[in-house]
Structure formats: structure tokens, C-alpha cells
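These notes concern the structure reproduced below.
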Amino acid sequence: MSSHQDPSAPLQGAPSKNTERKLKNETRTQLISFILMIFITSMAFISIGSDAVPNGFAIPFILMLAGVQVVLQLYFFMHMNEKGTGWINVMIWSGLFVAALTVGALMFLIGEVKY
Amino acid sequence: MADHQAVEKQTLPPNPEKATLDGRNKYLGFWFFLGGETVLFGSLFGTYLGLRGGVVDGPGPADLFHLDLVFIMTMILLTSSLTSVFAVINMKRGNYKGLLMWMWATVALGIAFLGFEIYEFYEYYHAGLGFTTSAFASSFYTLVGTHGAHVAFGVAWITVLLIRYRNTGLTLTNAPKFNTAVLYWHFIDVVWVFIFTVVYLLGIGG
Amino acid sequence: MSYAKAQSKNVVWDWLTTVDHKKVGILYLAGGAFFFALGGIEAVLMRIQLMFPDLAIVQAQTFNELLTLHGTTMIFLAAMPLLFGFMNFIIPLQIGARDVAFPFLNALGFWLFFFGGLLLYVSLFTGGAPDAGWTAYVPLSSNSPGQGLDYYVLGLQVSGLGTLIGGINFLVTIINMRAPGMSMMRMPLFTWSSFVASMLILFAFPALTIGLLLLMLERLFGATYFAVDFGGNVIIWQHLFWIFGHPEVYILILPAFGIFSEVIPTFAKKRLFGYSAMVFATLIIGFLGFMVWAHHMFTVGMGPVANAIFAVATMAIAVPTGIKIFNWLLTLWGGRIQFTTANLFALGFLPSFVMGGVTGVMLATSAANYQFHDTYFVVAHFHYVIIGGVVLGIFAAAFYWWPKMFGYRLSETLGKWFFWLFLIGFHMTFFVQHFLGLMGMPRRVASFLPGQGLDAMNFISTLGAFLMSIAFIIFLIAIFASTKNRDNVQDPWDGRTLEWTVPTPVPEYNFAQTPLVRDLDPYWYEKHEGDGKIKAAEPLGEIHMPNATILPVTISAGLIVASFGFIYHILPLIIGGFIITFGAMFVRSVKEDHGYHIPVEDIKRDKEEGK
Chain L
133 MSSHQDPSAP LQGAPSKNTE RKLKNETRTQ LISFILMIFI TSMAFISIGS
183 DAVPNGFAIP FILMLAGVQV VLQLYFFMHM NEKGTGWINV MIWSGLFVAA
233 LTVGALMFLI GEVKY
Chain V
16 MADHQAVEKQ TLPPNPEKAT LDGRNKYLGF WFFLGGETVL FGSLFGTYLG
66 LRGGVVDGPG PADLFHLDLV FIMTMILLTS SLTSVFAVIN MKRGNYKGLL
116 MWMWATVALG IAFLGFEIYE FYEYYHAGLG FTTSAFASSF YTLVGTHGAH
166 VAFGVAWITV LLIRYRNTGL TLTNAPKFNT AVLYWHFIDV VWVFIFTVVY
216 LLGIGG
Chain H
4 MSYAKAQSKN VVWDWLTTVD HKKVGILYLA GGAFFFALGG IEAVLMRIQL
54 MFPDLAIVQA QTFNELLTLH GTTMIFLAAM PLLFGFMNFI IPLQIGARDV
104 AFPFLNALGF WLFFFGGLLL YVSLFTGGAP DAGWTAYVPL SSNSPGQGLD
154 YYVLGLQVSG LGTLIGGINF LVTIINMRAP GMSMMRMPLF TWSSFVASML
204 ILFAFPALTI GLLLLMLERL FGATYFAVDF GGNVIIWQHL FWIFGHPEVY
254 ILILPAFGIF SEVIPTFAKK RLFGYSAMVF ATLIIGFLGF MVWAHHMFTV
304 GMGPVANAIF AVATMAIAVP TGIKIFNWLL TLWGGRIQFT TANLFALGFL
354 PSFVMGGVTG VMLATSAANY QFHDTYFVVA HFHYVIIGGV VLGIFAAAFY
404 WWPKMFGYRL SETLGKWFFW LFLIGFHMTF FVQHFLGLMG MPRRVASFLP
454 GQGLDAMNFI STLGAFLMSI AFIIFLIAIF ASTKNRDNVQ DPWDGRTLEW
504 TVPTPVPEYN FAQTPLVRDL DPYWYEKHEG DGKIKAAEPL GEIHMPNATI
554 LPVTISAGLI VASFGFIYHI LPLIIGGFII TFGAMFVRSV KEDHGYHIPV
604 EDIKRDKEEG K
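Residue numbers (this note's numbering), protein chains in the order written: chain L, 133 to 247; chain V, 16 to 221; chain H, 4 to 614.
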């Protein structure tokens with residue numbers, strides 16, 4: 133503890149076998165989630181772009197797709213699924229909660245329709 | 016007991032971005048900042064959604080937005096998210112060259128996105144949508160422009176990091192920096208997911 | 004790596020460049036006290052104008068500027084920085100940390116706040132301060148002539164940025180920097196409540212940032228969010244402001260609750276009653292604090308169902324707050340209560356705050372709110388919770404922690420004079436305002452007519468304000484007259500928590516050895532179960548410290564330059580300011596600064612001298 137590390141020395145050596153394997157798995161997971169995201173995005177664009185899908189279905193559908201895609205980003209690309217991210221989850225979901233309240237209020241409670 | 020020798024060779028830890036207390040602080044603090052940014056963009060989205068009907072005499076969403084352009088921009092940003100993921104994987108692998116390369120790819124995609132956005136704004140402006148034309152125009156430019164400003168800041172930030180650390184190798188100091196920059200970049204992408212859904216797709220579809 | 008201690012050249016430079024959380028804390032206190040005095044003077048000027056009917060001591064326009072500056076100053080530039088001062092100084096000591104998580108950002112937060120506050124006050128000398136109230140409702144604010152509102156927008160934007168940075172710093176400090184054994188549920192309540200307040204800062208301030216951004220773009224660049232003829236909507240500002248504004252009052256009151264939760268057990272010589280209930284009540288208040296903002300807008304016309312929902316949510320806050328009040332009372336129950344000045348403030352707080360809480364529930368009744376809205380009843384209510392809660396808390400904290408912070412004890416005699424005069428003056432000023440409000444006197448009026456039954460109570464109210472001023476002057480005298488009391492400053496109150504274990508003055512590294520925490524109230528535990536000394540969690544070793552730097556001042560100054568550019572539409576100033584700010588950030592990013600290490604010999608020498 134008292135021999136302090138030099139924080140600007142280049143890191144040497146290779147990762148352990150275990151890390152290597154984990155990273156390999158991770159690469160695969162990330163690729164899969166990327167392909168999933170591309171798919172989801174295309175679905176969203178198609179359901180709005182084509183006349184075959186009625187708007188009454190398309191609008192909630194694309195909102196749901198956006199939700200799925202954000203969860204993919206947060207939990208896979210940004211690693212919010214890892215251990216030790218408890219506080220991060222608390223803060224991000226609290227932020228989303230407050231943001232949702234804000235959006236709801238600014239959409240519905242601005243005096244145009246009275247509830 | 017206080018031996019003053021600095022350890023010559025630092026060995027690569029499994030998570031170099033979180034190996035030091037400084038790194039862990041940065042990681043957590045930056046995530047919390049993103050939690051705050053969520054509310055920041057939530058406020059902008061709310062403002063836009065509240066005002067998007069306020070078109071007055073100017074052009075409205077359906078007159079302006081083109082699905083193809085937005086689709087290309089979305090794909091660019093999504094891909095840049097993947098390249099930055101690869102950068103982090105290479106960082107954990109100790110492959111510094113790979114980290115730099117994928118980060119440069121991210122920067123390039125970010126610049127391409129910005130180019131499209133500037134072109135897009137230019138088009139809208141010439142279609143009669145000035146910043147002060149209507150409440151819809153103001154809130155649209157503010158929301159999408161704030162996102163664009165975030166992209167621009169991200170591009171500048173990552174470029175500075177890449178130039179500063181072009182030949183230092185991976186260290187316990189720059190690993191957290193790259194990692195936070197990547198987190199920021201993903202967050203920009205998260206915001207864009209909502210923008211293309213709520214602003215563009217809903218603008219055209221309903 | 005050099006071990007040479009970065010010795011500063013002179014005192015001013017030392018304070019400008021410091022990143023030591025204790026010095027930043029003192030800077031916050033000094034800055035907050037400065038603005039507190041300004042806000043107090045504004046208040047007294049308003050009360051003098053309202054002393055008798057039909058006075059014309061200050062003009063109506065000046066009166067509007069005074070009330071705007073008073074509100075803005077007291078909330079943003081006085082109450083919050085004063086609390087931040089205590090949080091900065093005390094939290095790391097309470098959790099057994101050597102420093103905060105981000106010493107650089109901590110200093111940056113202070114300078115942003117201070118420069119933002121100064122920017123707001125520059126407006127006094129440039130032809131008119133902001134005059135649209137601290138809430139700056141549009142379209143009054145978006146159409147207000149002159150530059151006053153521009154100063155308001157940019158000053159608050161800059162200082163709000165500082166607050167946000169400070170909040171994140173406290174959150175990470177509390178999560179990552181706790182000493183071994185200091186679990187979350189062993190943290191002192193001041194740390195807990197500051198933690199929750201910081202969470203509120205994190206989620207509330209971005210809404211204000213956007214609100215101010217929109218107002219700025221509307222005023223300076225012709226945007227049309229609030230212009231109804233362009234399809235805009237004025238209610239958007241009110242929502243954004245109160246989504247920030249309501250959590251803001253909890254940001255103020257929660258740390259004050261924390262202070263009382265430290266002071267009362269210390270002077271009752273009892274462990275805090277219901278510690279975990281206190282923690283959860285704090286969390287619930289923080290959560291509910293985000294659900295109730297629209298109770299400021301009952302008369303806007305959101306509709307009966309929306310009003311009812313927000314009314315019920317508001318009343319629900321009375322429950323966790325009530326839990327807290329009862330826990331404090333039960334802590335006192337059966338204790339050996341010492342009536343020190345700090346404890347007097349805590350005891351004075353209990354009834355005063357409950358009175359503010361009761362009027363809060365009255366205001367939450369949305370139907371009745373149509374009667375109370377925009378009258379002096381509201382003024383009375385929020386001064387009862389802010390002065391009766393926050394300000395009394397700040398004074399309790401001042402008397403409680405002064406010995407640790409400044410190395411001398413404040414005079415108890417003067418302190419008690421101060422307390423009684425302040426408490427009586429406070430109730431005299433604001434109690435009558437309830438009735439003024441119920442009789443129909445609107446708030447924010449520059450004058451009133453004689454013969455409407457308002458004369459006597461306005462006169463009493465002004466006398467109370469004078470009494471509070473006299474009390475505050477006694478406090479200032481106490482600060483200078485008590486400097487001789489330099490004995491018994493390490494642990495003057497027989498304290499319970501870790502901040503009383505470090506020597507006074509606190510060494511810059513706080514703890515020579517990181518403490519090992521074995522129970523809630525660790526110092527008290529060691530005093531009664533151990534040998535009275537905190538166990539160390541590590542051997543004596545050298546200590547890493549951050550380097551001092553001028554960059555926080557540079558970054559903040561750049562933003563001020565850019566703000567002037569925005570206010571007066573001078574493009575070179577905008578660009579120049581941003582170059583300064585981003586340039587300094589660039590330097591900070593590119594130049595790696597690993598700090599320095601204090602050698603073991605120095606720490607040993609300090610230890611021998613200190614005891």
C-alpha cells in the first residue's frame with residue numbers, strides 16, 4: 133500500500149485466460165445486441181414508413197421498441213448488468229423516472245386540456 | 016515501511032478503468048452525471064412534445080422530415096456505438112493500438128453524423144423553418160441542437176484524448192478517461208434513440 | 004514524482020488555488036455569509052418600505068428588484084452555499100475520508116457558484132436588477148425590458164452548474180470514500196441527509212438548466228417557446244421551474260434536518276431515536292419531493308384531478324416529516340439535555356418548523372389554495388420552513404462545528420442573546436403575516452393603503468425584522484469577540500462522531516491513519532466500549548494529496564466573460580470567454596497531475612505536536 137503505483141506507466145502483460153475468455157464472450161454478446169438494435173431500428177422505421185401498418189398500432193409499437201433498444205444500450209453496451217453497478221442503476225432509473233414525470237407534465241398539464 | 020520505489024512494470028488488471036480509486040470515482044461520478052443528463056434531455060423532450068403542435072404559419076414536422084436521411088444518421092450513430100464498444104474490449108485486452116483505432120473510427124462516424132445534421136438543419140432552414148419561426152421550430156432546434164452539441168463535444172473530447180495519448184500506451188490514468196468518454200458516447204446514442212422515435216418517426220407518423 | 008509539498012506563495016494565492024475540502028468549505032461559508040448579508044439588507048429595506056401604509060422610501064420598480072434579488076440570493080447564494088460549506092468540511096471527516104472524491108471539481112463548484120452570484124449582482128450597477136421575482140415567470144420575465152433578467156438567467160446558470168458539480172462530488176465521496184466499517188447504515192445522519200439532498204440536486208438542477216436555457220434563448224435570440232402568438236406556452240416555464248424548485252426546498256431542508264439529528268443526540272447525551280426510521284424518512288421525503296411540484300401551480304388551471312393528485316402527494320410528505328419530528332422528541336425524552344446555543348437552535352426549530360409544516364398542509368388543500376395563493380400567507384409559510392428550518396439549522400451548525408472549523412468556541416453568552424433575539428424577531432416578523440395574508444394582502448406589493456386593518460401588523464412585522472437584524476449583528480460580534488476561547492476545541496461537546504476524533508486545527512490529510520469504524524456513533528462507542536481512541540485501519544504510511552491549482556478560477560472566470568458577451572451581444576467576448584473556459588479544461592485534461600505524497604516523518608511530527 134505504501135509503495136505507490138506510478139499512474140502514468142504503461143500497463144504491461146497480457147490478460148489472464150479467464151479475462152480473455154470473458155472478453156471473447158462479451159464480443160459475441162455485443163455483436164448480437166448490435167444486430168438486434170439494427171433490426172429493432174429498421175422495424176421502427178418500416179412500421180412508420182409503410183402504409184400497411186396503421187398508426188394506432190405503430191405509435192405504441194415504436195415507443196416500445198425505443199424502450200427495448202435503450203435497455204440494450206444501457207445493460208449491454210454500457211455494462212449496467214455487471215456486478216457493483218447498484219448505485220448506477222439507482223441513479224439512472226431515478227433519472228428516467230424524473231424525466232418521465234417531466235415529459236408527462238409538459239405534454240398533458242400545460243393548460244390546453246384540463247384533467 | 017514506506018518504500019519509495021515506484022513499481023516499474025504495471026501489470027494489466029482485468030478492468031484497468033476501475034483499478035484505481037481515482038478511476039472508480041470517475042466511473043461512478045460520470046454515471047451520476049449521465050443520470051442528471053437524463054433529466055436534462057427529459058426536460059427538452061417534454062418542451063418539444065408540449066410545443067410540437069405550435070406550428071403557426073411555418074412548416075410542420077410532416078412537411079420537413081425525411082425518413083431516409085434520419086435512417087442513415089441513426090445507422091451511423093448506432094455503428095459508432097459498436098466501434099466504441101470494440102475500443103473498450105481492446106482496452107481490457109491490453110491491445111492499445113486496437114483501442115486507438117476503434118476510437119478513431121468512432122470519431123470519424125461522429126463527424127459524419129454531424130455533417131448530416133448540419134446538412135439537415137440547412138435544408139430545414141431553407142424550407143422556411145427558422146429558429147424563431149414558431150414554437151415548434153424553436154423547441155425542435157433546441158432539442159436536436161443540444162444533442163448535436165453533445166456529439167460535437169464528444170468528438171472534440173475523444174480527439175483530444177487520442178492525440179494526447181497517441182503513444183503513451185495504456186496506463187491507469189488514461190484507461191478511465193477513455194472509458195468515461197465511451198460511456199458518454201453511448202449515452203448520446205441512447206438520447207438519439209428517443210429523438211428518432213419521438214421527434215422524427217412520430218413527427219411523420221402521427 | 005516529487006514529495007516536495009507544494010508550498011504556496013501567499014495567503015490569497017493559497018485560497019484561490021486550494022483544493023482542500025476544508026478550505027473550500029470555509030470559502031463556501033464566507034461566500035454564503037456575504038450573500039446572506041446582502042439578502043438580509045434587501046429584506047430589511049423591503050420591510051422598511053412596508054412599515055407604514057403609503058410609504059415611498061423605495062420606488063415600486065426598486066421594490067420589485069429588491070424582492071427578486073432577496074429571494075434569488077437567499078435560496079441560491081446564501082442558504083445552499085452555507086449548507087455546502089458545512090457539508091464540504093464535515094462529510095469527509097464524518098465518514099473517515101482523507102478527501103472528497105473530486106477535489107478539483109469541488110473547488111470548481113465553489114468558484115462557479117461565487118462568480119455566478121457576483122454576476123447576478125453586477126446587474127445592480129448596469130441599470131437595473133432582475134425584477135420578475137425569484138420564480139421569473141414568463142411572459143413577465145421574457146418581456147422584461149433591460150438586462151436585469153439576462154443577468155438573472157446567466158448568473159443562475161453558472162452558479163447552478165457549480166451546485167450540480169458539488170452534488171455529484173458529494174454522492175461519489177459518500178459512496179466510494181467511506182472508511183472501513185462505515186457502512187451506509189452507520190453513517191451519521193448529516194451525511195445521510197446530505198447524500199439524499201445531493202441526489203435531489205442531481206435530478207432537479209438539470210430541469211432548471213433547461214428552463215434557464217430556454218429563457219435565455221427566448222430573451223437573447225428570439226426563440227418562441229413562451230410566445231403564445233407563435234404557438235408557445237407559458238406554463239412550460241412554470242413546470243420546469245417548479246420541477247426544479249420544489250426539490251430545491253428539500254435540498255435546503257434535508258441537510259438542516261441532518262444537522263439537528265447530530266446536535267440533538269449530542270446534547271441529549273443519547274443515541275438518536277429511530278436511526279433507521281430517520282434514514283428511510285429522509286429517503287421518502289426525497290422521493291416525494293419530486294412528485295409534488297405542481298402544488299405551486301394549483302391556480303394555473305391544470306384541472307381538478309391533477310390538482311387533487313398533487314394535493315394528496317403533498318400532504319403525504321407530512322408523514323415522514325412527522326416521523327422525524329417525533330424521533331427528535333423521543334431522542335430528547337429522558338436525555339440529560341444541555342442547553343447550549345447549538346441545542347437551543349435545535350429546540351427552537353422543532354415548534355417553529357411544525358408551524359410551517361401545518362400551514363404547508365393548509366396550502367396543499369388545493370381548493371383552499373385559491374384563497375391563499377399569492378398572499379402573505381404563502382410568504383409566512385415559506386419563511387417559517389426556511390428560516391424556522393434551514394436558517395436555524397445553519398446557526399445550530401455554526402455553533403456546533405465552529406470549534407472544529409476555526410479553532411475557537413463561540414461565546415455562549417452572546418450566542419444565547421443571539422438565539423433569543425433571533426427567535427423572537429423571527430416569530431414577530433412572520434407570525435402576523437399569516438393573518439395579513441388571510442386578510443387579503445397580496446405578496447410582492449410595494450405598498451398598501453391605510454385603513455384596511457393592515458397597518459398594525461405590518462408595523463409589528465417590520466419591528467421583528469429589526470430585531471432579527473440586531474440578533475445577527477450580535478452573532479457577528481460573537482465571531483470576533485470569542486477568538487480567545489481556544490481551549491477545549493478538539494471535542495468540546497463530548498461528541499459522538501468521527502469529526503471530533505481529529506485534532507484541531509484539522510491536518511490537511513484529516514486522518515493520519517484511516518479509522519476503523521465499529522458501530523454507529525463510532526467515537527461514542529470507543530469512549531464507552533473501547534479505550535476512547537479510534538482504532539486505525541492501516542499502518543502509518545505516506546499520504547497522497549492533490550496539488551493546488553488555479554484552473555477552477557480560470558474556468559469560472561471564462562464563463563463570466565462569455566456571459567457578458569451574451570448579455571450585450573458582443574461576439575468576441577463570447578468566443579474569448581469560451582476559449583478561456585475550454586482552454587483551461589483542455590489544460591486540465593492534457594496535463595496529468597498526480598498530486599504529491601506527504602512523507603511519514605511529517606505525519607509523525609504532526610502527531611506529536613498535535614497531541
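Every residue, glycine too, gets a C-beta built ideally from N, C-alpha and C.
Strand pairing of residue i, partner residues [DSSP]
{"i": "residue 82/H", "result": "BP columns for residue 82/H are empty, so no partner."}
{"i": "residue 387/H", "result": "Partner(s): none; residue 387/H has no beta bridge."}
{"i": "residue 215/L", "result": "DSSP lists no partner for residue 215/L."}
{"i": "residue 519/H", "result": "538/H"}
{"i": "residue 31/H", "result": "DSSP output for residue 31/H lists no bridge partner at all."}
{"i": "residue 583/H", "result": "Answer by DSSP bridge pairing: none, since residue 583/H is not bridged."}
{"i": "residue 548/H", "result": "599/H"}
{"i": "residue 378/H", "result": "445/H"}
{"i": "residue 25/V", "result": "143/L"}
Outcome for residue i when other beta-carbon atoms lying within 10 angstroms are tallied against a minimum of 16
{"i": "residue 102/V", "result": "buried"}
{"i": "residue 133/L", "result": "For residue 133/L, the predicted structure reports a pLDDT of 39, less than 50, and the residue's modelled location is therefore unreliable. The matter cannot be settled from this model."}
{"i": "residue 28/V", "result": "buried"}
{"i": "residue 62/H", "result": "exposed"}
{"i": "residue 148/L", "result": "exposed"}
{"i": "residue 629/H", "result": "For chain H, the structure presents residues 4 to 614; residue 629/H sits outside this window and is missing."}
{"i": "residue 115/V", "result": "buried"}
{"i": "residue 130/V", "result": "exposed"}
{"i": "residue 22/V", "result": "For residue 22/V, the predicted model reports a pLDDT of 47, less than 50, meaning its position is unreliable; a value from the coordinates is still stated below. When all chains shown are included, residue 22/V counts as exposed."}
{"i": "residue 57/H", "result": "exposed"}
{"i": "residue 224/H", "result": "exposed"}
{"i": "residue 414/H", "result": "buried"}
{"i": "residue 247/L", "result": "exposed"}
CB contact flag (residue i, residue j, <8 angstroms)
{"i": "residue 210/H", "j": "residue 247/H", "result": "yes"}
{"i": "residue 489/H", "j": "residue 526/H", "result": "no"}
{"i": "residue 231/L", "j": "residue 57/V", "result": "yes"}
{"i": "residue 239/H", "j": "residue 65/V", "result": "yes"}
{"i": "residue 471/H", "j": "residue 435/H", "result": "no"}
{"i": "residue 80/V", "j": "residue 213/V", "result": "no"}
{"i": "residue 495/H", "j": "residue 555/H", "result": "no"}
{"i": "residue 143/L", "j": "residue 185/V", "result": "yes"}
{"i": "residue 253/H", "j": "residue 203/H", "result": "yes"}
{"i": "residue 158/H", "j": "residue 130/H", "result": "no"}
{"i": "residue 327/H", "j": "residue 284/H", "result": "yes"}
{"i": "residue 383/H", "j": "residue 440/H", "result": "yes"}
{"i": "residue 219/H", "j": "residue 156/H", "result": "yes"}
Legend entry - Inter-stretch contact at 8 angstroms, needing at least 3 Cβ pairs: the segment 23-36 of chain H / the segment 446-462 of chain H: By the C-beta criterion, the segment 23-36 of chain H is judged not to be in contact with the segment 446-462 of chain H, since fewer than 3 inter-stretch pairs fall below 8 angstroms.
Inset, instruction - Give a yes or no on contact between the segment 195-204 of chain L and the segment 159-171 of chain L, applying the rule of three or more CB pairs nearer than 8 angstroms. - result: Flag = yes, the segment 195-204 of chain L and the segment 159-171 of chain L touch.
Inset, instruction - Mind checking the segment 233-252 of chain H against chain V and listing, in chain order, the residues whose C-beta falls within less than 7 angstroms of any C-beta there? - result: Listed by position, the residues of the segment 233-252 of chain H near chain V (Cβ gap below 7 angstroms) are 233, 234, 235, 236, 239 and 243.
Legend entry - Near-chain L residues of the segment 569-598 of chain H - C-beta to any C-beta below 8 angstroms: So the close ones are 595 and 597.
Legend entry - Contacting positions in the segment 297-314 of chain H - beta carbon closer than 7 angstroms to chain L: Those would be 297, 303, 304, 305, 306, 308 and 309, in chain order.
Legend entry - Segment contact flag, the segment 64-82 of chain H with the segment 125-142 of chain H, C-beta cutoff 8 angstroms, min 3 pairs: Touching, per the Cβ criterion.
Inset, instruction - Inspect the CB distances between the segment 30-41 of chain V and the segment 188-199 of chain V and report whether three or more fall short of 8 angstroms. - result: Taking one beta carbon from each stretch, the segment 30-41 of chain V and the segment 188-199 of chain V have 3 or more pairs nearer than 8 angstroms; the two touch.
Legend entry - Members of the segment 51-71 of chain V that neighbour chain L once the beta carbon cut-off is set at 8 angstroms: The residues in question are 51, 52, 53, 54, 56, 57, 58, 60, 61, 62, 64 and 65.
Legend entry - Stretch pair the segment 376-387 of chain H + the segment 437-445 of chain H: three plus CB contacts closer than 8 angstroms: Between the segment 376-387 of chain H and the segment 437-445 of chain H there are three or more C-beta pairs closer than 8 angstroms, enough to call the two in contact.
Legend entry - Under 7 angstroms (Cβ pairs) to chain H, residues found in the segment 133-146 of chain V: Within the segment 133-146 of chain V, contact with chain H at the beta-carbon level (separation under 7 angstroms) is assigned to 146.
Inset, instruction - With 9 angstroms as the C-beta to C-beta threshold (strictly closer), list the residues of the segment 208-232 of chain L near chain H in chain order. - result: Taking 9 angstroms as the Cβ-Cβ cut-off against chain H, the residues of the segment 208-232 of chain L that qualify are 219, 222, 223, 226, 227, 229, 230 and 231.
Inset, instruction - Mind the definition here: the segment 179-190 of chain H touches the segment 97-111 of chain H only if three or more C-beta pairs lie below 8 angstroms; say whether that holds. - result: Touching, per the Cβ criterion.
Inset, instruction - Kindly confirm or deny that the segment 304-319 of chain H and the segment 333-343 of chain H touch, where touching means at least three C-beta pairs closer than 8 angstroms. - result: These segments do not touch.
Legend entry - Proximal residues, the segment 160-180 of chain H versus chain L, C-beta separation under 7 angstroms: Residues of the segment 160-180 of chain H with a Cβ closer than 7 angstroms to any Cβ of chain L, in chain order: 178.
Inset, instruction - Anything in the segment 279-299 of chain H with a Cβ closer than 9 angstroms to a Cβ of chain V? List those residues in chain order, please. - result: Taking 9 angstroms as the Cβ-Cβ cut-off, the segment 279-299 of chain H has no residue approaching chain V.
Legend entry - Contact set between the segment 167-186 of chain L and chain V, restricted to residues whose Cβ is under 7 angstroms from the partner: When CB distances to chain V are screened at a threshold of 7 angstroms, the residues of the segment 167-186 of chain L falling below it are 169, 170, 173, 176, 177, 180 and 181, in chain order.
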